[in-house]
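Engineer: Residue numbers for the sequence shown, in the working numbering: 6 to 256.
I'd like to ask you about the structure that follows.
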Amino acid sequence: SDGSTVVGNSRHEVGNSRGRAFRWRAESGMVQLDIVSDFVTANGVSGDGEVVTGRINASNARGYVWTEADGASAIGETPNHRNLVQPTDISGDGRTIVGYTWTLHGTEAFLYEEDFGMQIVPGLGDFVNNLRVSRDGTRVAGDQGTSTVRNLFVWTRLGRTEDDRLVGMVTHPGDRPGGAARAAPSAISADGSTVVGQSSGASGREAFVWSDEHGMRGLGRLRPVGGESRAQGVTGDGAMVVGYFHEGTRF
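What follows is the structure, given as structure tokens:
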């Protein structure tokens, strides 16, 4: 968002798995979203803080979109009537929600817009995760693969009409830093040009940044072997990355 709004999850008792979604603003403080369920998460918020998305129910997951004026409404089912869905992000303009849906074979990426409903994004394969979307909804980043090898991908939407809205181009950024076996995105810049996250392999876990201009680059660790680093966020233009280094008890 623009920095004025924070969303997340809270628990009222230690050990209680029933979570509640909240929205925080300086003028109102932390306010629980008015969603009646034993388990609610808030996973993404629009740039102006007005639209929130997340998941209702722990075992029988449903996706929702929430506004203060209208409350929560379900984002529906996929064309194959798969109703177990996990929204992971919402575009800055609040119009596009991305996430994944469970299938018999793994997980598939979906894209939801109010005017068009929920659709599976073609060409990405099974076992997708960690989906992030640019401000205008034209770029989606995520990772796909198995439990041992996971590849970063960037999907660029080429159309916006009802007929061609899922026409897109998939980019696989290539080698992961240090030959790592897995790479997972944490954030994508507002303009979609830059993706940041963490790669992991035999030599440890390392922050990475990928961009159209420079490709995939590792950001290093405190030590060549051991410890870890992670890129957590990126500015709208991709010029600045924030994250952490970790070694033992030191951050």
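The beta-carbon is built from N, C-alpha and C at its ideal position, and this holds for glycine as well.
These numbers come from a predicted model, not from an experiment.
Report the partner residues of Asp-148 according to the DSSP bridge assignment.
Structural biologist: Within the sequence shown, the letter at position 143 stands for residue 148. DSSP, once it has assigned bridges, lists Asn-134, Leu-157 as partnering Asp-148.
Engineer: Cα separation between Arg-170 and Arg-162?
Structural biologist: Taking the sequence shown and counting its residues from 1, one reaches residue 170 at position 165. Taking the sequence shown and counting its residues from 1, one reaches residue 162 at position 157. Cα-Cα distance, rounded: 7 Å.
Engineer: From the DSSP output, read off the bridge partner residues of Val-126.
Structural biologist: Taking the sequence shown and counting its residues from 1, one reaches residue 126 at position 121. The partner list for Val-126 (beta bridge, DSSP) is empty, contrary to what the question assumes.
Engineer: Confirm, please, whether the CB-CB distance from Leu-38 to Ala-47 is below 9 Å.
Structural biologist: By 1-based counting over the sequence shown, the position of residue 47 is 42. By 1-based counting over the sequence shown, the position of residue 38 is 33. Yes, Cβ-Cβ distance for Ala-47 and Leu-38 is below 9 Å.
Engineer: Between which two residues does the beta strand (DSSP E) harbouring His-251 extend?
Structural biologist: By one-based count along the sequence shown, residue 251 stands at place 246. Per DSSP, His-251 belongs to the beta strand (DSSP E) from 246-251.
Engineer: Which residues mark the beginning and the end of the beta strand (DSSP E) in which Thr-199 is found?
Structural biologist: Against the sequence shown, residue 199 aligns to sequence position 194. Counting along the chain, the beta strand (DSSP E) containing Thr-199 begins and ends at 199-206.
Engineer: Identify which residue in Leu-109, Ala-74, Glu-167 has its Cα closest to the Cα of Asp-120.
Structural biologist: Taking the first residue of the sequence shown as 1, we reach residue 120 at position 115. For Asp-120, the nearest C-alpha among the options comes from Glu-167.
Engineer: In this structure, how does DSSP classify Val-57 when only helix, strand and coil are distinguished?
Structural biologist: Walking along the sequence shown from the start, residue 57 turns up at place 52. Strand at Val-57.
Engineer: On a CA-only basis, which of Asp-196, Ile-40, Arg-67, Val-154 is nearest Met-123? Give me that one, please.
Structural biologist: As a position in the sequence shown, residue 123 is number 118, starting the count at 1. The candidate whose alpha carbon is nearest that of Met-123 is Arg-67.
Engineer: Our contact map puts Ser-96 next to Asp-141 with C-beta atoms below 8 Å; I'd like the distance itself, whole angstroms only.
Structural biologist: One-based indexing of the sequence shown puts residue 96 at position 91. One-based indexing of the sequence shown puts residue 141 at position 136. That belief holds up - the Cβ atoms of Ser-96 and Asp-141 are roughly 6 Å apart, short of 8 Å.
Engineer: Distance, Cα to Cα, Thr-72 vs Ser-194?
Structural biologist: Counting from one through the sequence shown, the residue named residue 72 turns up at place 67. Counting from one through the sequence shown, the residue named residue 194 turns up at place 189. For Thr-72 and Ser-194, the distance between alpha carbons rounds to 24 Å.
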